[in-house]
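J.: Residue numbers (full-length UniProt numbering): 1 to 152.
(1) Does the distance from the CB of residue 53 to the CB of residue 21 come in under 7 Å?
(2) Beta-carbon within less than 7 Å of residue 77's beta-carbon, same chain only, minus the 5 sequence neighbours each way: which residues are those?
(3) What residue range does the alpha helix (DSSP H) around residue 42 cover?
(4) Using CA coordinates, which residue listed in 62, 58, 64 is at the minimum distance from residue 73?
(5) Does the separation of the CB atoms of residue 30 and residue 24 fall below 7 Å?
(6) Hey, residue 28 and residue 61: beta-carbon distance below 7 Å or not?
(7) According to DSSP, which residues form a beta bridge with residue 53?
(8) Consult DSSP for residue 24 and reduce its assignment to one of helix, strand or coil.
(9) Can you tell me which of the three DSSP states residue 151 falls into?
(10) Counting C-beta neighbours from all protein chains within 10 Å, is the total for residue 50 16 or more, i.e. buried, or is it exposed?
(11) Using the rule of at least 16 other Cβ atoms within 10 Å of the residue's Cβ for burial, across every protein chain shown, is residue 142 buried or exposed?
(12) Determine which residues share a DSSP beta bridge with residue 73 and list them.
(13) Per DSSP, which one or two residues make a beta bridge with residue 33?
(14) Could you tell me the distance, in whole angstroms, from the CA atom of residue 146 to the CA atom of residue 139?
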């Protein structure tokens, strides 16, 4: 039964989507790991970084990373004090906002996280959404414009 479900899912998802652990770096690089690994091993390989799940949950170092899931590798400075102390309280979050940057910095970080998760989820569900007519993530289509000099 399980193989049948996996076979049907392979028609919808990209090849190997359920067989690997995906780690998205801050620079956009996507690392795919096929073997079982703990979050602490990844954090040791990348000091001063934490792993996050898409809804902004920081993964503890003892957690086993699951195949088919997407994790984001973020610098500790971007993740704030939540990475070191676990789940923070509302008062600590307000202090963190005041001491570590303006609201626009935090908003831009949240938008970039959302953009990355949108792109990755778009890739996984593109075939299914084409049938429904859903539009994907907007990306600009840029063309070069040549300047014409007037020789009058």
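Glycine included, C-beta positions come from ideal geometry on N, C-alpha and C.
T.: So, from the data block:
(1) A distance of 7 Å or more separates the beta carbons of residue 53 and residue 21.
(2) The beta carbon of residue 77 lies closer than 7 Å to none in the same chain, with the five residues before and after it left out.
(3) Segment 39 to 45, the alpha helix (DSSP H) holding residue 42.
(4) That would be 58, whose Cα lies nearest to the Cα of residue 73.
(5) Contact: yes.
(6) Their beta carbons are not under 7 Å apart, which means residue 28 does not touch residue 61 by this criterion.
(7) Under DSSP, residue 53 takes part in a beta bridge, and its partners are 57.
(8) Annotated three-state conformation of residue 24 is strand, per DSSP.
(9) In the structure shown, residue 151 sits in coil (DSSP, three-state: anything other than H, G, I, E or B).
(10) With a threshold of 16 other beta carbon atoms within 10 Å, residue 50 meets it and is buried.
(11) Residue 142 sits exposed, since fewer than 16 C-beta atoms from the chains shown fall within 10 Å of its C-beta.
(12) In the DSSP output, where bridge partners are listed per residue, residue 73 has 51.
(13) Residue 33 pairs with 21.
(14) The C-alpha of residue 146 lies about 22 Å from the C-alpha of residue 139.
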